[in-house]
Structures are given as C-alpha cells and as structure tokens.
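Some notes on the structure that comes next.
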Amino acid sequence: MNTQDLKALDRQHIVYSWKAQGQVDPVIIDRAKGIYMWDTDGNRITDFCSGLLNVNIGHSNEHVLDAMRKQMDKLCYVGTMFGTEPKAQLGKMISEVTPGDLNHVFFTNGGAEAVENAIKAARWYTGRHKIYARWRSYHGATSGAITLTGDPRRWPAEPGIPGVVHYFGPYPYRCPFGSTSDEECGERTLEVLKTQIMLDGPETIAAIFLEPIVGTNGIIVPPKNYVQGLRKLCDEHGILMVSDETMAGWGRSGKWFGIDNYDVVPDIITTAKGLTSGYVQLGAMIWSKKIWDHYQTNPFVGGLTYAGHALACATGIANIEVYKNENLIDKSRDNGKYLAGKLKELENKHACVGDTRAQGLWAVIELTSDKKTKAPLGGFNNSEKNIAGQIMKRLIADGLYIFAKWDFMFIAPPLIITKEEIDESVVKLDKVLDWVDTQI
Ligand SMILES: Cc1ncc(COP(=O)(O)O)c(C=O)c1O
C-alpha cells in the first residue's frame, strides 16, 4: 500500500495517545535497524529518542530476535500459576543487576502497572494509606499512576485515587526555594519536605515515590544530598522509598538503575521500557527482602493475565545479555559525557538555550527567551507558539527524531550509538536551534 493510502487508513481507524485526534499526522514507519528507522517512502530517520526512551539496545538486534524465535517455537504463554524457565531465569538476572537486596520480582506489562502494584504493596505492607509523589513527575496513565503524576496529564483524570499527596522535589535550574547551587537546592527542598511530612503525620504515609532522575518533566537530576537525605527520612519514619525506574533504568542514566547514581537502595523498584527495549512489552515491580518476607504469610492480592509472559521474559533475558555483552552501561556513561559536552557547546552558542542537562545518554535542552531571567520560550504546558511541535517537524524533515514538548528537547539515543553518530545528529540540532533563536 502506498504511503498516502496507509495514512488515510490509519487516520480512519487509529486513536492516538494524548491528542485531539484531528491534530494527528503520523509519519508511517516501515522498518528499523540499530539507531535508524525508515519510513514507507524510504527516508532514513535517526531514532535519537529510542522510541519512547525504551529501545535502549537499538532496533532489531539479532541476538534478541533469535532468542525470541527460539522461545516462540517452544512456548509463548502459560497461566500465571505455572512457573517457566524464562520467568525464573529473568528473575535471577534482574536481581543480579538491581541494587542491594531487591531480588524479588512481580512482572507486569509496563510501567504504569508496576506503579499500580507498588501502591498496593506499600499500603498493605505498612498498613498506611498516603502515597507521596513529586510535582514535575510522570508515573503512567492508569488511574493510580496518573494520580501520582505531578504534571498536567493528571488534570483531566482528577480527582483520581484517594490518599495521594504531592511534594516539591529539587529543580536546581529553577529551584522553588530560591537556592543558588545544586547542593543548597537539595538541602532546602529536603527541609521543606521534612516540614510537610511532620505536618501531614509521618505515621499515615506508606511510601514516597520518586523518579530518581526526572524523565518527561525535564531530565531533572537531583543532587546527591537530597536523594540520600530522602532515604534517611524514609527510614526515620518507616516510610517505603519507591524508585520509579521505568525510564531511568537499564543503562539510560549511565548506571544499571538511576538510583545507583546516588548509592541509595530503595525498598521497591518499578520498571519497564529498557527491560525488553520494546521488542515486546514487559514491566516489573521489584521488592527488597523485607517486603518479600512480609508477603510470605500475607497474600499479595494482585494479578495480571500476562504477568511473567514466557516470550516477554525470554526477550528480557536476551536484552540483559546484550547490555552485558556489548558493554552498554559503560557506553551510556562514557558517550553520555561526550554528548553532554556537545550540548554545552550548543548552550554557549545559542541565545535560546537556557540549560542543558545530561546523565548518561539521557539529556535535555531547556529553551528560554532570556538566558538571564530564565523566562520560558514556548512556556509550561503551552502549545500556543508550538515551538516544540515545529522543532520536531523540522528535525524529522532533516532525518532526525527527537521528542520535544513545552521548552524541553529530549535526547536519548539507543545506547549503541557511536560518537561519530552523535556528532551527525548534533549538527542537525545546531541547525534547528538557529531557527529557534529567531523565535525569541
Ligand atoms: C517514570 C515513568 N513511570 C511510568 C511510566 C509509564 O510506563 P508505561 O507507559 O509503560 O505504562 C513512564 C512512561 O513514560 C515513565 O517515564
């Protein structure tokens, strides 16, 4: 079918995420390999955002495809009451790369379901009902996860589930408490949280959720003193610390998990995305020993038809083998530093770039209309000027896919990318920023 007809078919039948359907105008992708995708007209597009920041090992990796084919020939799925070799093996392999004693895995289909189950697990474990989640966060689109979400995607879903309380996390570039250094921002933000918890009743709080590094709200990297202080605060009050590693996990931040950047061990990890790099869907909620021990005698009242899907687990195993065999965690850290340097050059050159932040191969360019005052350019939750939309359109026409919204340009290539390939894409970013400069 030609592209025109395919597009017409798509627009007749397919409901897209987050948008008024009349605004949807998708590029139709035909195939993908490594860091590249090709559309149905044969145009090559660099996937500089790894799909939705999940295709961490790159597209169509032969080792993973082979493992999937072998598993398909043997067994795709059995009821969740049965054990399978891929499920048990993947549980072990996950526990070998998670921090501390996080060795016990409940499989889900994605990140939001992992978060839903972590909310339940934390409430039943502590016997408390309140769940803390930070402003400027995203935890998924199901009813509990979207209630935790601290951005405008939550608004239409309100009032959401009861018992969710939002807190401010550190945002050093725009510190809500007026500090002038990362460390001071960490300290002040933690002091405010301590006061909030004192006033709210620590013995009513089951868990504090955090994205260890904030993802779709701007790749906000919290200072170390903050994350370590948060761990202490949780310990003091018997509150569980839940690290949502849906996006931060699997090498994206230059470590296996985002929380590893802080030498902190959370009580529960939720994850998905890079666990299978999107080859099939799989998520996980991972428990530390104390949670595991509690549920030896107390039922965990959660279940999903596809929990521990054999094909998905075999895909997860093959992914972890690729991360290890191809040294992708180290590559993310090293090439991430290289990328960060390139982005700093763009920051110094362009009037429209207020800040650039990177941790591993996970970066953002934050736009501004005034470097001194840090005034927004597109604006928070504002599509009036549609700067982000125009950036994405211009880049796609130039063969580069990144995700952009508000004043954020997200950059998160597959971890297999080389320095030369980073350079090629940075040239295109430089060019589009020349245009953004004219929009101030
Ligand atoms: C931190 C975080 N949590 C949860 C989710 C939701 O994951 P999923 O879309 O797989 O349900 C996302 C998705 O982007 C995420 O970034």
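Numbering (the numbering used here), first residue to last: 98 to 537. The beta-carbon is built from N, C-alpha and C at its ideal position, and this holds for glycine as well. Since we're looking at a predicted model, the values are computed, not measured.
query                                                                                                                        : result
Distance between residue 219 and residue 236 (C-alpha atoms, nearest Å)                                                      : 16 Å
Residue 367 vs residue 382 beta-carbon contact at 8 Å                                                                        : yes
Whole-Å CB distance - residue 340 paired with residue 317, under 8 Å assumed                                                 : That belief does not hold up - the Cβ atoms of residue 340 and residue 317 are roughly 15 Å apart, past 8 Å.
Entirely enclosed alpha helix (DSSP H) segments - the stretch 109-182, minimum 4 residues                                    : 147-150 and 159-171
Buried versus exposed, by CB contacts within 10 Å (16 or more), residue 425                                                  : buried
Which residues DSSP lists as bridging residue 367, in chain order                                                            : 341 and 382
Near ligand 1: residue 376 beta-carbon under 7 Å from a heavy atom                                                           : no
Distance CB(residue 497)-CB(residue 142) smaller than 8 Å                                                                    : yes
Residue 480 classed as buried or exposed, judged by whether at least 16 other C-beta atoms fall within 10 angstroms          : exposed
Check: residue 229 C-beta below 7 Å from any heavy atom of ligand 1                                                          : no
Inter-residue Cα distance where the pair is residue 461 and residue 506                                                      : 5 Å
Pairwise C-alpha distance: residue 512 and residue 269                                                                       : 27 Å
Per-residue burial, residue 152 [other beta carbons within 10 Å of its own, 16 or more giving buried]                        : buried
Where residue 317 falls: helix, strand or coil (DSSP)                                                                        : strand
Residue 462 (DSSP reduced to helix, strand or coil)                                                                          : strand
Neighbourhood of residue 440 by C-beta distance below 7 Å, restricted to the same chain and skipping five residues each side : 453, 455, 460 and 462
N- and C-terminal bounds of the alpha helix (DSSP H) containing residue 98                                                   : Counting along the chain, residue 98 falls outside any alpha helix (DSSP H), and DSSP gives it neither H nor E.
Same chain, Cβ closer than 8 Å to residue 400, neighbours up to 5 away in sequence not counted                               : 177
Start-to-end residues for the beta strand (DSSP E) that takes in residue 227                                                 : 227-231
Outcome for residue 352 when other beta-carbon atoms lying within 10 angstroms are tallied against a minimum of 16           : buried
Cβ neighbour criterion (16 or more within 10 Å) applied to residue 113                                                       : exposed
Within the stretch 393-423, ranges of the alpha helix (DSSP H) (whole runs, at least 4 residues)                             : 407-422
Exposed unless 16 or more other CB atoms sit within 10 angstroms - verdict on residue 145                                    : buried
Residue 467 (DSSP reduced to helix, strand or coil)                                                                          : strand
Rounded Cβ spacing between residue 232 and residue 201 (contact assumed at less than 8 Å)                                    : Between residue 201 and residue 232 the Cβ distance is about 31 Å, and since that is not below 8 Å, they are no contact.
Proximity test, residue 212 beta-carbon vs ligand 1 heavy atom, cut-off 7 Å                                                  : yes
Coil, strand or helix - residue 349 by DSSP                                                                                  : coil
Reduced DSSP category for residue 258 - H, G, I as helix; E, B as strand; rest coil                                          : coil
Residues near residue 267 by beta carbon distance below 7 Å, same chain, minus five either side                              : 282, 283, 286, 319, 320 and 323
Euclidean distance between Cα positions of residue 404 and residue 387                                                       : 22 Å
Local conformation of residue 446 per DSSP, three classes                                                                    : helix
Test item: CB-CB of residue 211 and residue 380 under 8 Å                                                                    : yes
Bounding residues of the alpha helix (DSSP H) (the contiguous stretch that carries residue 488)                              : 484-494
Extent of the continuous alpha helix (DSSP H) to which residue 296 belongs                                                   : 279-297
Span separating the alpha-carbon of residue 536 from that of residue 485                                                     : 12 Å
Cβ neighbours of residue 489 in the same chain (closer than 6 Å, five flanking residues each side left out)                  : 501
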